[in-house]
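Here the structure is laid out as structure tokens; the discussion comes afterwards.
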Amino acid sequence: MNSTVLTGCTVADARVLDGVAPLRDAAVWVRGDRIAAVGPADEILALAGSDHPRVDLGGAFLTPGLVNMHTHLSLSLPGEGGDAVKNLGPHDLAHYMADGARRTLLCGVTTVRCVAEKDHADFALRRAITAGRVTGPRVFTAGRALVSTGGHGHEGTDTLECDGADGFRRGVRAQVKAGADLIKVMISGGIAGEHEDIHTRQLFTDELAAVIETAHAWGRKVTAHAGPAPVIAEAVDLGLDCVEHGYQLTPEVVAAMAARGTALVPTLLVTRCKAFFDELGVPEWMQRRSLGAGPRHLESYTMALAAGVEVLLGSDMPPFWHFEGTNATVRELEHMSDAGLGPARALHAGTLGPIRWLEAEPDLGTVEPGKYADLIAMDADPLESTSAFRGVRWVMSGGRIVRDDRNGGTLS
Ligand SMILES: [Zn+2]
Numbered sequence: 000m001n002s003t004v005l006t007g008c009t010v011a012d013a014r015v016l017d018g019v020a021p022l023r024d025a026a027v028w029v030r031g032d033r034i035a036a037v038g039p040a041d042e043i044l045a046l047a048g049s050d051h052p053r054v055d056l057g058g059a060f061l062t063p064g065l066v067n068m069h070t071h072l073s074l075s076l077p078g079e080g081g082d083a084v085k086n087l088g089p090h091d092l093a094h095y096m097a098d099g100a101r102r103t104l105l106c107g108v109t110t111v112r113c114v115a116e117k118d119h120a121d122f123a124l125r126r127a128i129t130a131g132r133v134t135g136p137r138v139f140t141a142g143r144a145l146v147s148t149g150g151h152g153h154e155g156t157d158t159l160e161c162d163g164a165d166g167f168r169r170g171v172r173a174q175v176k177a178g179a180d181l182i183k184v185m186i187s188g189g190i191a192g193e194h195e196d197i198h199t200r201q202l203f204t205d206e207l208a209a210v211i212e213t214a215h216a217w218g219r220k221v222t223a224h225a226g227p228a229p230v231i232a233e234a235v236d237l238g239l240d241c242v243e244h245g246y247q248l249t250p251e252v253v254a255a256m257a258a259r260g261t262a263l264v265p266t267l268l269v270t271r272c273k274a275f276f277d278e279l280g281v282p283e284w285m286q287r288r289s290l291g292a293g294p295r296h297l298e299s300y301t302m303a304l305a306a307g308v309e310v311l312l313g314s315d316m317p318p319f320w321h322f323e324g325t326n327a328t329v330r331e332l333e334h335m336s337d338a339g340l341g342p343a344r345a346l347h348a349g350t351l352g353p354i355r356w357l358e359a360e361p362d363l364g365t366v367e368p369g370k371y372a373d374l375i376a377m378d379a380d381p382l383e384s385t386s387a388f389r390g391v392r393w394v395m396s397g398g399r400i401v402r403d404d405r406n407g408g409t410l411s
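Residue numbers for the sequence shown follow numbering that gives the first Met the number 0, beginning at 0 and rising by one.
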């Protein structure tokens, strides 16, 4: 069994919110793919003995890897860039997604939640990563997102058109059959749909209830692409587990979300990423709609924070995309932090919060014995500033070092 002792680090994780202070002069003993022990360096070195290789992290801050809860590795927006992805054949698409998965992991995103991927290629990708044939993050996925005929995102093979309660039940079951960990449903219009508005309602009550009831019966949570408050209020009441975007929240709906424990993945980048849209050749009508929704979107987010809604990191843009001097995942977390969350809660929103939503806390989310060694290191203190994640220079996934900028760069 591989065994490594990591030294020269300060261990920090989201338990800081529960009063667990960062551990300075720490060491972490990794055996196989999991953490065997964490503690003061002298204690851990004595415990591990001298037969194991040591990796000196040079005074870095060591945290759990980031979790991106709104990922599309096969994203194709309207415009030339998106068309090029849409026109990939299945073999090319598989390689394209594998490349995205690798880049994502190297950014320090060790887990993703995919919320609409083309052709069930996500399941093949997950199998390849699990088998070690592809380097990538742990994948939790919804398979294809469910959408009404002509509804948000219907143009691509990353959605499945359903109509009527029976149709939506079948849609849920088809994703579960393929291996989905959760269900994604588009309950209102969005920025990327030419024939709809952000506030267009797209599912009737019986359809929405059918999705949630069927998913829950199979032990799967449901997240919804959703903008307007009345549509979200109804879904929350029916037991929705998570809201994506939430462009137009109100005090009433955020209060209901907080009371019911419905999470929000705000994806603030979606309404503040002109350079990304330009790079992909996204048409003018969509850019106008996106950027125009920005101020109200941010207001919704701060309203949710004030009400005590659980907010979680998710970029919508490909997690690894180079953007404003960093990657999309870190840029999104900076926006969340700067708009009122602050660095400590941002660390929670990017690690333990998502892992709890995914019900993976026994395996992931903190730097504790027994958990998978999915760890990242950076020189600045992420509890001082979320921008510390810009400096991620070392990444370990399941006990394997996949990036080490100081010692030979990327190792896989
Ligand atoms: Zn999305």
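Ideal Cβ positions, reconstructed from N, Cα and C, are used throughout, including at glycine.
**Asked** Touch check for the stretch 335 to 353 and the stretch 59 to 79: three-plus C-beta pairs under 8 Å?
**Response** yes
**Asked** Quick one: is the Cβ of ASP157 within less than 6 Å of any heavy atom of ligand 1?
**Response** no
**Message:** Quick check: the stretch 134 to 146 against the stretch 112 to 126, are at least 3 beta-carbon pairs closer than 8 Å?
**Reply:** yes
**Request:** Rounded to whole angstroms, what's the CA-CA distance from GLY364 to SER75? Just pull it up for me.
**Result:** 30 Å
**Prompt:** Hey, how far is the Cα of ARG288 from the Cα of ARG295?
**Reply:** 12 Å
**Request:** Please list, in chain order, all residues of the same chain as ALA255 whose beta carbon is under 8 Å from its beta carbon, the five residues on each side excluded.
**Result:** ALA232, VAL235, ASP236, THR261
**Asked** Under 7 Å, do ALA26 and ALA40 count as touching if we go by C-beta distance?
**Response** yes
**Request:** For ASP118, I'd like the list of residues in its chain whose CB is within less than 6 Å of its CB, leaving aside the five on either flank, ordered along the chain.
**Result:** THR156
**Item:** Meets three-Cβ-pair contact criterion under 8 Å: the stretch 378 to 398 and the stretch 29 to 36
**Value:** yes
**Message:** I want to check one thing, is the minimum distance from the CB of ASP165 to the heavy atoms of ligand 1 below 6 Å?
**Reply:** no
**Request:** Keeping to the same chain, check which residues put their C-beta closer than 8 Å to that of ALA228; ignore five residues upstream and five downstream.
**Result:** GLN247, LEU248, THR249, GLU251, VAL252
**Item:** One or two residues paired with MET185 in a DSSP bridge
**Value:** HIS224
**Asked** Which runs of the beta strand (DSSP E) fall wholly inside the stretch 1 to 26 and span at least 3 residues, in chain order?
**Response** 2 to 10
**Request:** Go ahead and label ARG132 buried or exposed: buried means 16 or more other beta carbons lie within 10 angstroms of its beta carbon, across all protein chains shown.
**Result:** exposed
**Request:** Classify ALA59 as helix, strand or coil using the three-state DSSP reduction.
**Result:** strand
**Asked** Ordered along the chain, which non-local residues of its own chain (more than five positions away) have a Cβ less than 6 Å from that of ARG392?
**Response** ASP404
**Asked** CB SER386 to CB GLU333, shorter than 7 Å?
**Response** yes
**Prompt:** In this structure, what does DSSP give as the bridge partners for HIS244?
**Reply:** ALA225
**Contact set for GLY390: own chain, Cβ-Cβ below 8 Å, skip 5 residues either direction** = MET377, ASP378, ALA379
**Asked** Is TRP28 closer than 7 Å to VAL4 when the C-beta atoms are compared?
**Response** yes
**Presumed contact (8 Å Cβ cut-off) between VAL264 and LEU239, rounded CB distance** = About 12 Å separates the two Cβ atoms, so there is no contact after all.
**Message:** Whether or not the stretch 88 to 106 and the stretch 307 to 327 are in contact is what I'm after, with contact meaning three or more pairs of Cβ atoms, one per stretch, closer than 8 Å; do they touch?
**Reply:** yes
**Asked** Between GLY88, LEU357, LEU124, which lies nearest to ASP180 when the distance is taken from Cα to Cα?
**Response** LEU357
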